[in-house]
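Reading through the C-alpha coordinates given below for one structure.
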(Lines of atoms letter the chains of each structure in order from A; the text may use other names.)
(Lines give C-alpha, C1' and ligand atoms only; values in the text may rest on other atoms or scores of the structure.)
Protein backbone atom coordinates (compact mmCIF):
# COMPACT_ATOMS: atom_id res chain seq x y z
CA UNK A 1 0.00 0.00 0.00
CA UNK A 2 1.17 3.46 -0.75
CA UNK A 3 0.84 6.22 1.77
CA UNK A 4 1.01 9.72 0.33
CA UNK A 5 1.90 12.53 2.69
CA UNK A 6 2.63 16.23 2.39
CA UNK A 7 4.99 18.33 4.42
CA UNK A 8 5.71 22.03 4.13
CA UNK A 9 9.36 22.98 3.63
CA UNK A 10 9.74 26.43 5.13
CA UNK A 11 12.82 28.55 4.52
CA UNK A 12 15.35 26.16 3.07
CA UNK A 13 18.36 27.56 1.22
CA UNK A 14 19.82 25.27 -1.42
CA UNK A 15 18.96 21.74 -0.44
CA UNK A 16 16.61 19.80 1.72
CA UNK A 17 16.82 16.23 2.88
CA UNK A 18 13.61 14.30 3.33
CA UNK A 19 13.76 11.20 5.48
CA UNK A 20 10.87 8.76 5.63
CA UNK A 21 10.97 5.85 8.05
CA UNK A 22 8.77 2.80 8.22
CA UNK A 23 8.46 -0.29 10.32
CA UNK A 24 7.52 -3.81 9.46
CA UNK A 25 6.39 -5.40 12.70
CA UNK A 26 7.64 -8.88 13.49
CA UNK A 27 4.05 -10.13 13.90
CA UNK A 28 3.10 -8.79 10.48
CA UNK A 29 6.12 -10.43 8.91
CA UNK A 30 5.31 -13.77 10.54
CA UNK A 31 1.61 -13.62 9.65
CA UNK A 32 1.92 -12.44 6.06
CA UNK A 33 5.15 -14.17 4.97
CA UNK A 34 5.40 -17.30 7.09
CA UNK A 35 6.66 -19.57 4.31
CA UNK A 36 9.57 -17.36 3.21
CA UNK A 37 12.87 -16.50 4.84
CA UNK A 38 13.44 -13.12 3.22
CA UNK A 39 11.41 -10.39 1.53
CA UNK A 40 12.69 -7.69 -0.77
CA UNK A 41 10.70 -4.48 -0.77
CA UNK A 42 11.01 -1.90 -3.50
CA UNK A 43 10.48 1.51 -1.95
CA UNK A 44 9.47 4.14 -4.49
CA UNK A 45 9.34 7.80 -3.63
CA UNK A 46 8.61 10.85 -5.67
CA UNK A 47 8.72 14.47 -4.65
CA UNK A 48 6.77 17.29 -6.17
CA UNK A 49 6.98 20.92 -5.19
CA UNK A 50 4.20 23.44 -5.38
CA UNK A 51 5.81 26.85 -5.28
CA UNK A 52 5.57 30.31 -6.75
CA UNK A 53 9.31 30.29 -7.51
CA UNK A 54 9.83 30.10 -11.28
CA UNK A 55 13.45 28.89 -11.44
CA UNK A 56 13.10 26.03 -8.96
CA UNK A 57 15.00 22.96 -10.14
CA UNK A 58 14.17 19.64 -8.57
CA UNK A 59 16.87 16.99 -8.95
CA UNK A 60 16.07 13.34 -8.41
CA UNK A 61 12.35 13.90 -8.00
CA UNK A 62 11.77 10.15 -8.11
CA UNK A 63 13.82 7.37 -6.63
CA UNK A 64 13.59 3.67 -6.05
CA UNK A 65 15.36 1.85 -3.21
CA UNK A 66 15.42 -1.92 -2.65
CA UNK A 67 15.15 -3.00 0.99
CA UNK A 68 15.89 -6.60 1.97
CA UNK A 69 14.26 -8.03 5.08
CA UNK A 70 15.41 -11.31 6.57
CA UNK A 71 13.42 -13.42 8.99
CA UNK A 72 15.01 -13.96 12.38
CA UNK A 73 14.70 -17.75 12.94
CA UNK A 74 14.66 -17.30 16.71
CA UNK A 75 11.65 -15.00 16.49
CA UNK A 76 9.76 -17.32 14.14
CA UNK A 77 9.57 -20.17 16.61
CA UNK A 78 6.74 -19.78 19.06
CA UNK A 79 8.14 -19.91 22.56
CA UNK A 80 5.07 -21.55 24.03
CA UNK A 81 4.29 -21.64 27.71
CA UNK A 82 7.20 -21.98 30.15
CA UNK A 83 7.43 -25.32 31.96
CA UNK A 84 7.03 -23.77 35.40
CA UNK A 85 3.64 -22.30 34.42
CA UNK A 86 2.42 -25.74 33.39
CA UNK A 87 3.76 -27.29 36.61
CA UNK A 88 2.13 -24.57 38.70
CA UNK A 89 -1.20 -25.07 36.92
CA UNK A 90 -1.08 -28.85 37.50
CA UNK A 91 -0.27 -28.39 41.20
CA UNK A 92 -3.07 -25.85 41.60
CA UNK A 93 -5.48 -28.27 39.92
CA UNK A 94 -4.47 -31.13 42.22
CA UNK A 95 -4.85 -28.83 45.24
CA UNK A 96 -8.35 -27.76 44.19
CA UNK A 97 -9.32 -31.39 43.58
CA UNK A 98 -8.01 -32.45 47.01
CA UNK A 99 -9.87 -29.56 48.67
CA UNK A 100 -13.09 -30.57 46.91
CA UNK A 101 -12.68 -34.22 47.99
CA UNK A 102 -12.00 -33.13 51.59
CA UNK A 103 -15.09 -30.89 51.69
CA UNK A 104 -17.31 -33.64 50.28
CA UNK A 105 -15.83 -36.17 52.72
CA UNK A 106 -16.63 -33.88 55.66
CA UNK A 107 -20.20 -33.25 54.50
CA UNK A 108 -21.02 -36.97 54.25
CA UNK A 109 -20.90 -39.56 57.01
CA UNK A 110 -19.76 -43.18 56.73
CA UNK A 111 -23.01 -44.48 55.16
CA UNK A 112 -22.90 -42.05 52.28
CA UNK A 113 -25.88 -40.11 53.60
CA UNK A 114 -25.52 -36.34 54.00
CA UNK A 115 -24.84 -35.40 57.62
CA UNK A 116 -27.80 -33.01 57.71
CA UNK A 117 -30.23 -35.93 57.28
CA UNK A 118 -28.64 -38.17 59.94
CA UNK A 119 -30.67 -36.98 62.93
CA UNK A 120 -31.18 -39.78 65.45
CA UNK A 121 -34.65 -41.27 65.39
CA UNK A 122 -36.52 -41.70 68.66
CA UNK A 123 -36.87 -45.34 69.71
CA UNK A 124 -40.35 -46.69 69.51
CA UNK A 125 -41.85 -47.72 72.90
CA UNK A 126 -43.82 -50.78 73.04
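In the UniProt record's numbering, the protein residues as written are 1 to 126. Don't be surprised by glycine CBs; every beta carbon is placed ideally from N, CA and C.
Alpha helix (DSSP H) containing residue i: first to last residue?
| i | result |
| --- | --- |
| residue 90 | 83-107 |
Measuring straight from C-alpha to C-alpha, what distance separates residue i and residue j?
| i | j | result |
| --- | --- | --- |
| residue 104 | residue 88 | 24 angstroms |
| residue 66 | residue 46 | 15 angstroms |
| residue 3 | residue 43 | 11 angstroms |
| residue 93 | residue 108 | 23 angstroms |
| residue 86 | residue 96 | 15 angstroms |
| residue 7 | residue 70 | 31 angstroms |
| residue 54 | residue 20 | 27 angstroms |
| residue 72 | residue 23 | 15 angstroms |
Taking the beta strand (DSSP E) that residue i falls in, what are its first and last residues?
| i | result |
| --- | --- |
| residue 66 | 62-70 |
| residue 45 | 38-46 |
On the premise that residue j lies in contact with residue i, defined as a C-beta separation below 8 angstroms, what is that separation, rounded to the nearest angstrom?
| i | j | result |
| --- | --- | --- |
| residue 68 | residue 38 | 6 angstroms |
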